[in-house]
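Undergrad: Just passing along the structure, written as structure tokens.
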Amino acid sequence: MANTIDNKLLFSAKNIDKHYAATHALKGVELDVHEGEIVGLVGENGAGKSTLLKIIIGAESPTSGEMTMHGEPYDPKNPLDANANGIGMVFQEQSLIVSLTVGQNLFFGHEREFSKFGIINWPKVYKEAQQVLEEVDISNINPRKRVNELNFATRQMIEIAKVMNVTRQAGDQKCLILLDEPTSVLSETETKNLFVQMRKIAAKGHAVIFVSHRLDEVLEISDRIYVYKDGASVGMLDTKDASEIKLYEMMVGRTTSSEYYQIDKQSKPQEEVILEASDLGLAGIFKHINLKLHKGEILGVCGVVGSGKEEICEVLCGDEKPTSGELIIKGKKVNFSSPSKGLREGILMIPKERLFEGIVRTLSVQNNIALSNLKKLSKFSFVSAAKVKKQALHWIDQMRIKTNSPKELMIQLSGGNQQKVVFSRALASECDILILNHPTRGVDVGAKEEIYTLVREIAALGKAIILLGDTLDECIGMSNRVIVMKDGLITGEFDSGIYNKPSQVDVVSLMM
Amino acid sequence: MAIRNSGNMSITEEFAAKIKRDNQKERIMKLAPVIVLFALILIFSIVCGKDFASLKNLVAVLNQLAIPLLVAIGLTFVIMIGGIDLSINGTVGMAASLVGIFVMNNRFTQFNLGIGGILIGILSSVLVGFLAGLIHVYLRIPSFMVTFAFMYVCKGIGLLSYSGEPPTILDPVLAELPKKSFIGIPFITWMALIVLGICILIQEYTAFGRYIYAVGTDESILSAVGVSVKKVKVKVFTLAGLCFGIAGALAAIRLGQGQVNVGEGLMFPAQAAVVVGGTSLAGGKGGVINTIVGVLVMRVLSNGLVLMGVNPYIRTGIEGIIILVAVALTVARGAKVISK
Amino acid sequence: MASNKTVDIGKRMRLQEHLMKYFSFSAIVILIIAFSASQQNFLGKANLKTLLSDSAPLIIMSIGMTFILILGSIDLAMGSVCSVANVLTVMVLNDIGPSLSSPVLAAFLALVVSIIFGAFAGVIQGIIHVKLKVPSFIASLGFMSLWQSVALLITEAPVSVAKAMWPAIEWVKVTFGVIGLPLILALIGVAILYVIQNYTTIGRSLYSIGGNERASRIAGISVDKVKISLFVVSGICAALGGYFLAAKLRSSAPRVGDSFTLLIVAAVALGGTSLSGGRGGVLGTVLGVFTVSVIQNGMNFIGVDAYWQNIVFGLFVLAAVAISVDRSVRGLVVK
Amino acid sequence: MKRIKSVIALLLAFIMIFMLAACNKPAETTETTEEPKEEEAETTTEEPAEEPAEAEVTDYRDFTIDASKIPQEKLDTTLYLAVSVRGLENPYIATIKVGMELFAEYLDGIGQKYEMQVLDSGGSNDKEVDNMRQFAAKADGNAIAYADPNENSIAYSLAEAMAESGGYIGTAWNKPDDVGPEDLTPNWVIHTSPDNVINGYEIAKALFDAQDGKGKIFVLEGMMGNTAAIDRAKGLDQALAEYPDIEVVGRDTANWATAEALTLVETWLNQNPDVGGIWCANDNMATGALQALDKAGLKGKVGVVGIDANTDIVEAVASGDAVATVSSNGYLQGGYTLAICYAAWTGLLDVEALPAEFREFATPATVITGENVAEFQSYSPDFDFSKPFGCKAD
């Protein structure tokens, strides 16, 4: 990390204001980026990071304020305009078209550069695509391959290659690349690879803006860090002066401590085994899975993406049928054909992709809470509206869900509150076993703490929990016991009591 | 802290085997329409013998292919962006009626515009496609409803245009066209094949073609690179209108008469043909080439059933079952798959 | 700020949900005012009577389709299921009816046969759609052809209800003031479906599946079962439509349902039910049906030239849908 | 069962025509204006049988609408006129509309206030009944209508719709055997029909004769399940029974549609290029058949027959490319039916007193062949609506 602040100023934004109808999303935001620099942006959800990036890339226009690029005034009309000025962005959501080939995706939106009379010269496209891929060290992929034949990590690398292409096209001009949560779907190795690429880019004199919820990553890769809160920049510091705690303080205005995971509240599991898997397997994904889950226990499952941990969750909750082995719940052998069967046996999953799998946006809060226990709220399959409402009020109070009324639509709630609704639903179902698949994903720091408290409380009630943490730290911090998976097999198991938490290094060594 | 190494190899092998199986399945699924087509050809060849498997019948099938093919191609683009077009019956009928009126005919001598008349017919349909696209995109009305309304509007325009007595085309060139053929394939089919070629070119070799796939997959991708989704959609509906218009014009020439009825009964078979070919109704998957297979399946099926002399009452039923089977073969299964 | 934005969208959504209902209502009001202005007896007793009772079959079928559309699916086979039920009804009345003690019994038997057939058609279509994952559009398209064949095989020609059996269908003529018995029966159907929609587990699951099928599955809802049951409901509604038409037209025709296939969908969409699923309801559909009926009735009433009727109808539908369609923002893609 | 029914229906139809023909002679003397046209239209009813004619009957043939006897209040009331048809894209149906317009001119002449409209069902039973009910509701009794029921089975419902409002209706073509105008006296005034079975039979005969009574033929039927299609096919079957050397080598439905007919004939021509004739249930399909023949270079060599007298087929008959078609004279059907209903509405005609043979009767249909095609082409409709029963075929 060279001291790059002395380099030439590449991009600067001054006094950026952005109003949406009634909300003031950005309040006079400042941002300077120098050539060869990696700048980290951190802040809670809704702090304004994404809005700022959208303005820089030209997807939205600022209400007021000025931007310069290469010292010239910069006012992009659309992303293509931004690209022409040497600014490219990797979006948070996957932006590849899976039915098209890698090469077609790489030059998507730039086809005209390869066209004569509107007809695209595909051989030329693929030749250049190969070069682009080589530059990000994934030259083993045939650019003629369709994206839907590739795994997620590779797709992410292709996205980055796509943006890198912008820098290539810029030639001598220095570029700015925006990365919005690029690591959320990457495994640790892939993240490392990404960081290598980012450094490469920076070494050439280009600049990178890096946005991530994972402070450790930001601290690792960036040269300088901007901290945003409520639509305004609350500070800028050199990475060498920063630490996670300091950043947290700036972001939320309070200190986090070792009590973050409320380890002192960790309860002792009971003796009774509530779930037992023996030799469970799903062809080609995982195999020989033996585990026992006790009442009141939080069992953490660690592993990289693709280790099979996600699929274990799916099999346990009934979403997927195992191809071998057996599952015993409360002493009874079960064979689920769908999650509804699982629910009947008292097992329910809180899914990872909240928006796609967790909530029904078009329904109200009360109906979302009642999703999993409609039968209990009804007589002769007639649902009691009063009971639905009463239950919702109970949980809104209990969970401190911020909503105007139980009839408010789900889409109106913030991410953290939506997640609380999902938790309420799970608790209301009175299931004894909960599978928490990344329960804090995409939730801001404040809400995270509340969720941790909640998980502790649930466990204390004697319910059993299987936890897939958003970070390794979280997984170890929360669990009573941790199992480690690699390539579809359990490679290790650690006791994780209050005073004998395993070290991350030990766990990682079994994951990789 | 037991580390289990045993079976580590086998899971990778298993995975490889699974991927292989999946790929195989996918390949079979991709080929399913072709398999269905060949199965049908085989069955009819056996049952009907020479009546079916003859050059003459092949030409007849090709001859009948033109209009369903054109209509299905236009529809393919619309379905690829996840939309639907119900206006087909109307637009084709309208284009055919207007072509009949604006060329030399036995009723409206004052409107003889020759080739210009054909252009008017086609343009009317293009215009309707364009309008439908505009209304769909800018008023945010589902394409289903917009095109449903336009079906009535176009049918009405067609009806109104000749007020009950369809004009017979007397233009000597146009009257001769349906009889002309080149290497055994009728002229009208050639026209359709040329349009087909152009559409394949558009789909595979132009930026617009790529954007169609993108719109069907995820609209946000396009705005991210600064391409207007709205424009792409309007263009797609306009292109579909062009295909329907050409289909209408060719239908009028083929029948030697401009009547609104030629559009009748084209829409549902076209939808079936597009989906049977393997284009996904959800959008983003498939394409014009798939549609060729789909249209062939439908054409061969009805041709074969006619030759077999199957009771027409049962024929539609058999067609329905074949559609179900053909599509069931091409869709992904599994408890987790969501199909709407 | 992203979260503020969603709150904003949400408020707008809810506001629009309320407005929406009035919007489709306003389409009708505007139409009625316009029509009565040009023909003073448009709201006369005679026309109200026709308007209110002729819509019955369309209401019955449309409310069944409403559930399917809320699921995000579509059922194109309703028209031909209606045809089969229609020919079955008349077949039962004419062939078995005379041997029964009373025409009322025959009418009842025909009703039972229709409902059983409708349920059967719904079950097999539901199973093929849900279990084989054939998209409902194409599954129902296949069944549309299949049932068309079946209807034609049962009777190739339209058959009138024999004179002796007329008492069995006299109920269709009963009126209370301007409101006919068919309408009352249809509204009872609406009430039943409204209860199913709002107060039963199936109804609540319907909305969650339409809103987010994946989430509903994970939350432990028996998605497949719910979907199949709803196809059964739509099948029964289609069959009842056929039964009503048999009484209304005093005859059966093997193609009587064909013209309903798309009209039903249009009526439901006009009633504010989203074609992409998750939102809408049977009450809106009743409004949608009346919008269609008023347009058709009004065109005849003010004597729109027959050559122009298609054009006018298309434009009216376009206008009505433009003001009534569920256009609540939420960045959702309109397809 | 069905066979027997149809045979009985046929017999009844024959008897009816027989009886109607019997009334012919005495009428001739009184009819002046209608005379020549009626002569042309005589082909369907050739039985010259003479039976003692009832005096009353002749009275009705003579029945005249005396405009001076119409009460002024009736003339000042807005009368609603409608023709209810199945789709204006069909040229024959368009002529019905013209028939109504001709009658409207007559009403202008006598100073009757009126409004007229076409009710288009687009081929849907339900829509046609709805249309009629709405029309009746609007007119509130001051309505007269001509209805061509989409299917025979809805004839009663259509008439009933009108009867409930107190208007007057005449139906044509299709109605079930067990109901008739007498069921809804006085509002269901008449039912008339050119006989579909006979039309189908006549063109078949013309075709077979042109083939010298032997050879192969293709058959293009109308839409499945449609009454007219079924009846016309029945007529064909009768003719086939009489010509044992005619072999049907292709028989299918083309749904009344030109394009489908073209496709079918193309397919069949591959199997049987030596076909001798094509029987089509309507002229739209005949157009398609001719086009297919033209493509195969067989136009003019293979006989084609149809029904409806579409302009292009009449031209084809004139040029020898087609053998025959049938004109049902829609002008006459539409215009005269309305005229009779008008007489009933004004009170000049006492429907209850009208004898059965004037409630249900045949209207003339002309088989157009090479012999009379020139006459037909020069025909322009011109009727005297003051003598409404002039439309009765004799």
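Chains as they are written, first to last, in this note's numbering: chain W, 448 to 959; chain P, 17 to 356; chain U, 9 to 343; chain E, 2 to 395. By construction, the Cβ of each residue, glycine as well, lies at the ideal position given by its N, Cα and C atoms.
Which residues, in order along the segment 246 to 263 of chain U, keep a beta-carbon less than 9 Å from a beta-carbon of chain E?
TA: Answer set for the segment 246 to 263 of chain U: L253, K256, L257, R258, S259, S260, A261, P262, R263.
Undergrad: Just to confirm the assignment, what range does the beta strand (DSSP E) spanning C392/E have?
TA: As a position in the fourth sequence, residue 392/E is number 391, starting the count at 1. Careful: C392/E lies outside any beta strand (DSSP E) and carries neither H nor E.
Undergrad: Just to check my reading of the structure: C170/P and V211/P have Cβ atoms closer than 8 Å, yes? What is that Cβ distance to the nearest angstrom?
TA: Taking the first residue of the second sequence as 1, we reach residue 170/P at position 154. Taking the first residue of the second sequence as 1, we reach residue 211/P at position 195. 20 Å between Cβ atoms; not a contact.
Undergrad: With a threshold of 16 other CB atoms inside 10 Å of the CB of F184/U, please say whether the residue is buried or exposed.
TA: The sequence position of residue 184/U within the third sequence is 176, counting from 1. Classification of F184/U: exposed, given that the 10 Å Cβ count is below 16.
Undergrad: Label I44/P either buried or exposed according to how many other C-beta atoms from any shown protein chain fall within 10 Å of its C-beta, with 16 as the threshold for buried.
TA: Reading the second sequence from its first residue, position 28 is the one you call residue 44/P. The residue is exposed, with fewer than 16 neighbouring Cβ atoms inside 10 Å.
Undergrad: If you pair each beta-carbon of the segment 254 to 269 of chain P with each one of the segment 98 to 109 of chain U, do three or more pairs fall below 8 Å?
TA: Not touching, per the Cβ criterion.
Undergrad: If I measure Cβ to Cβ from Q620/W and keep anything under 6 Å in the same chain, skipping five residues before and after, which residues do I get?
TA: If you number the first sequence from 1, residue 620/W lands on position 173. Contacts found: G533.
Undergrad: Does the structure place the segment 181 to 188 of chain E close enough to the segment 200 to 209 of chain E that three or more beta carbon pairs sit under 8 Å?
TA: Counting Cβ pairs under 8 Å, fewer than three are found: no touch.
Undergrad: Would you mind stating whether S787/W and G228/U have Cβ atoms separated by less than 8 Å?
TA: Taking the first sequence and counting its residues from 1, one reaches residue 787/W at position 340. Taking the third sequence and counting its residues from 1, one reaches residue 228/U at position 220. Cβ distance < 8 Å, so S787/W and G228/U count as in contact.
Undergrad: To the nearest whole angstrom, what separates the beta carbons of N153/E and N175/E, a pair I think is in contact under 8 Å?
TA: By 1-based counting over the fourth sequence, the position of residue 153/E is 152. By 1-based counting over the fourth sequence, the position of residue 175/E is 174. Sure, about 4 Å apart at Cβ, within 8 Å.
Undergrad: From this set, W346/E, E361/E, D351/E, G391/E, which residue's C-alpha is nearest S166/E's C-alpha?
TA: Here residue 166/E is taken as the residue at index 165 of the fourth sequence, counted from 1. Nearest option by C-alpha distance: W346/E.
Undergrad: Tell whether a beta-carbon distance below 8 Å holds between V311/P and L102/P.
TA: The residue given as residue 311/P occupies position 295 in the second sequence. The residue given as residue 102/P occupies position 86 in the second sequence. Not in contact: V311/P and L102/P (Cβ atoms no closer than 8 Å).
Undergrad: Could you tell me whether the Cβ of R226/P comes closer than 8 Å to any Cβ of chain W?
TA: Working through the second sequence from its first residue, we reach residue 226/P at position 210. Answer yes: the Cβ-Cβ gap between R226/P and chain W drops below 8 Å somewhere.
Undergrad: Determine, using beta carbons only, whether S230/U comes closer than 8 Å to chain W.
TA: The sequence position of residue 230/U within the third sequence is 222, counting from 1. Yes - at least one Cβ of chain W is within 8 Å of the one on S230/U.
Undergrad: Give me the Cα-Cα distance between I71/E and T338/E, rounded to the nearest whole angstrom.
TA: Against the fourth sequence, residue 71/E aligns to sequence position 70. Against the fourth sequence, residue 338/E aligns to sequence position 337. Their backbone Cα atoms lie some 18 Å apart in a straight line.
Undergrad: Go through the segment 57 to 126 of chain E residue by residue and report every complete run of the beta strand (DSSP E) that reaches 3 residues or more, in order.
TA: Counting only runs of 3 or more, we get 80 to 86, 115 to 121.
Undergrad: Starting from F392/W, follow the beta strand (DSSP E) in both directions and report where the run begins and ends.
TA: Given that chain W is displayed from residue 448 to residue 959, the structure contains no residue 392/W and the question cannot be resolved.
Undergrad: Return the residue from the list I843/W, I656/W, L553/W that minimises the CA-CA distance to V480/W.
TA: On the first sequence, residue 480/W is found 33 positions in, with the first residue counted as 1. For the residues I843/W, I656/W, L553/W, the minimum Cα distance to V480/W belongs to I656/W.
Undergrad: When the Cα of V374/E is compared with those of I314/E, A363/E, I231/E, L333/E, which residue comes out closest?
TA: Residue mapping note: residue 374/E aligns to position 373 of the fourth sequence, counting from 1. Closest by alpha carbon: I314/E.
Undergrad: If we cut at 8 Å on Cβ distances, does S168/U have a partner in chain E?
TA: Looking up residue 168/U in the third sequence gives position 160. Answer yes: the Cβ-Cβ gap between S168/U and chain E drops below 8 Å somewhere.
Undergrad: Can you pull out the residues from the segment 78 to 95 of chain E whose beta carbon lies closer than 8 Å to at least one beta carbon of chain P?
TA: Within the segment 78 to 95 of chain E, the residues whose Cβ lies closer than 8 Å to some Cβ of chain P are L89, E90, N91, P92, I94, A95, listed in chain order.
Undergrad: Closer than 9 Å between beta carbons: that is the criterion. Which residues of the segment 230 to 259 of chain E meet it against chain C?
TA: The displayed structure is made up of protein chains W, P, U and E, and chain C is not among them.
Undergrad: Using a Cβ-Cβ distance under 8 Å, would D479/W count as near chain P?
TA: The residue labelled residue 479/W in the question sits at position 32 within the first sequence. No - not a single Cβ of chain P is within 8 Å of the one on D479/W.
Undergrad: Could you check where the beta strand (DSSP E) with G211/U kicks off and where it finishes?
TA: Taking the third sequence and counting its residues from 1, one reaches residue 211/U at position 203. That residue, G211/U, is in no beta strand (DSSP E); its alpha helix (DSSP H) goes 209 to 219.
Undergrad: Mapping the DSSP letters down to three states, classify Q273/P as helix, strand or coil.
TA: Position 257 of the second sequence, counting from 1, holds the residue named residue 273/P. In the structure shown, Q273/P sits in a strand (DSSP, three-state: E or B).
Undergrad: What does DSSP give as the partner residue(s) for C749/W in the beta ladder?
TA: If you number the first sequence from 1, residue 749/W lands on position 302. Bridge partners of C749/W: V931/W.
Undergrad: Within the 8 Å Cβ cut-off, does N318/U reach chain P?
TA: To locate residue 318/U, count along the third sequence from 1; it is residue 310. Chain P contact via Cβ: present.
Undergrad: Check distances from the C-beta atoms of the segment 279 to 291 of chain U to those of chain W and list, in chain order, the residues that come in under 9 Å.
TA: Listed in sequence order: S282, G285, G286, R287.
Undergrad: Distance cutoff 8 Å, beta carbons only. Does N525/W sit that close to anything in chain U?
TA: Numbered from its first residue, the first sequence carries residue 525/W at position 78. Not one chain U Cβ lies under 8 Å of N525/W.
Undergrad: Could you say which of R252/E, A323/E, D232/E, D213/E lies nearest to E243/E if we only look at CA atoms?
TA: In the fourth sequence, residue 243/E corresponds to position 242, counting from 1. Comparing Cα-Cα distances from E243/E to each of R252/E, A323/E, D232/E, D213/E, the minimum goes to D213/E.
Undergrad: What residues match up with A148/E in a beta bridge as DSSP calls it?
TA: As a first step, residue 148/E must be located in the fourth sequence, where it is residue number 147. DSSP lists S85/E, T172/E as partners of A148/E.
Undergrad: Distance, Cα to Cα, G303/P vs E696/W?
TA: In the second sequence, counting from the first residue as 1, residue 303/P sits at position 287. In the first sequence, counting from the first residue as 1, residue 696/W sits at position 249. Rounded to the nearest angstrom, the two C-alpha atoms are 54 Å apart.
Undergrad: How many Å lie between K356/P and F145/U at the Cα?
TA: Translated into the one-based positions of the second sequence, residue 356/P becomes position 340. Translated into the one-based positions of the third sequence, residue 145/U becomes position 137. The straight-line gap from Cα to Cα measures roughly 8 Å.
Undergrad: Is there at least one Cβ from chain U nearer than 8 Å to A55/P's Cβ?
TA: On the second sequence, position 39 is the one that residue 55/P refers to. Not closer than 8 Å to any Cβ of chain U, the Cβ of A55/P fails to qualify, so no.
Undergrad: Do you know offhand how far T679/W's Cα is from Y673/W's?
TA: Stepping through the first sequence from its first residue, residue 679/W is reached at position 232. Stepping through the first sequence from its first residue, residue 673/W is reached at position 226. Contrary to the premise, residue 679/W reads as Ala rather than Thr in this sequence. Distance between the alpha carbons of A679/W and Y673/W is about 10 Å.
Undergrad: Could you tell me the distance, in whole angstroms, from the CA atom of R903/W to the CA atom of K712/W?
TA: Residue mapping note: residue 903/W aligns to position 456 of the first sequence, counting from 1. Residue mapping note: residue 712/W aligns to position 265 of the first sequence, counting from 1. Using only the alpha carbons, I get a separation of about 7 Å.
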